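Note that full-length UniProt numbering has the sequence shown beginning at 1, numbered continuously upward. Below is one structure; the comments refer to it alone.
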Amino acid sequence: MGLSNKDRILDLLKINSLTSDKIADKLNLSKQDTRTYLLRLKKEDKIKTLGKRGRQYIYTYKAYKAPSDTEKYHIETNILVEVLRDYLESEPSFKKEVNKKIAELEAKLNFIASKT
C-alpha cells in the first residue's frame, strides 16, 4: 500500500516550499482535495505558511520541535500516574493496603489537628 495523500504532501514539503496549486499539479490531485489536506496538516501542526505568492499561500514543512525540559517533566509525570493507576487497578490487594495506609494517615492527621 502506498503513502497517503497527506504523507505525499509532507514528503514534498520537506524538500521544497510550494503553493497549493503546485502541490496539486505535482501529485496529480484536485486543487480542492489538496487544500483540504493542507488545512488538516496545518491543524495537526505539521506544516505552516511562509507567506503569499500572489493570492496563494506558500506552504512548508514544520520541523519537529523537541519538548522543553518542563514539557518532558509533565509528560513523564503523566506517564507515571497512568502506570501507577493501572497497577493499582490490576492489584486489588495492593490497592486495599494503600487505602488502609491512607486511612491510618488521615486518622493521625485528624488526631493531631484536634490537639491544636
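Each residue gets a CB set at the ideal place from its N, CA and C atoms; glycine is no exception. Note that this is a predicted model, so its numbers are computed, not measured.
Item	Value
Exposed unless 16 or more other CB atoms sit within 10 angstroms - verdict on Y59	buried
Unbroken stretches of the beta strand (DSSP E), 3 residues or longer, contained in the region 23-100	47-53, 56-61
Spatial distance of K95 from V83 (CA atoms)	14 Å
Per-residue DSSP class, three states only, for L3	coil
Check whether K62 and I47 have beta carbons under 7 Å apart	yes
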